[in-house]
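Residue numbering for the sequence shown follows the numbering used here, beginning at -8 and increasing consecutively. All C-beta atoms in this analysis are idealised placements derived from N, C-alpha and C, irrespective of residue type, glycine included. Predicted model only: the values in this text are computed from it and were never measured. Take a look at the structure below.
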Amino acid sequence: MTAPKFKVCEVLSIEQKILMVFHTPSYGYQFRILNSDGSVEGTQELYPTFERAIKIARQSLTSRLV
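As structure tokens, then:
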């Protein structure tokens, strides 16, 4: 079994956190937040467009900074 291929679409760094939005052909767009301690945050939510994924991702990242 091979791992699903994915494409990184956006990488942003804000206050020691990295936001990554990526696309997999079978699933659509998702995002993850990488913390300075190496931990990764994210959900299994799928977004049909890059625009929707980046909007929700930025909101999620901003809420974690408050």
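- Scanning Gly29, Pro16, Gly33 for the CA closest to the CA of Phe22 turns up Gly33.
- Boundaries of the beta strand (DSSP E) harbouring Lys(-2): -2 to 5, taken from the DSSP string.
- For Leu25, the enclosing beta strand (DSSP E) stretches over residues 19 to 26.
- The beta carbons of Leu52 and Leu10 sit closer together than 7 Å.
- Short of 7 Å from the beta carbon of Glu6, and not among the five residues preceding or following it, lie these beta carbons of its own chain, in chain order: Leu56.
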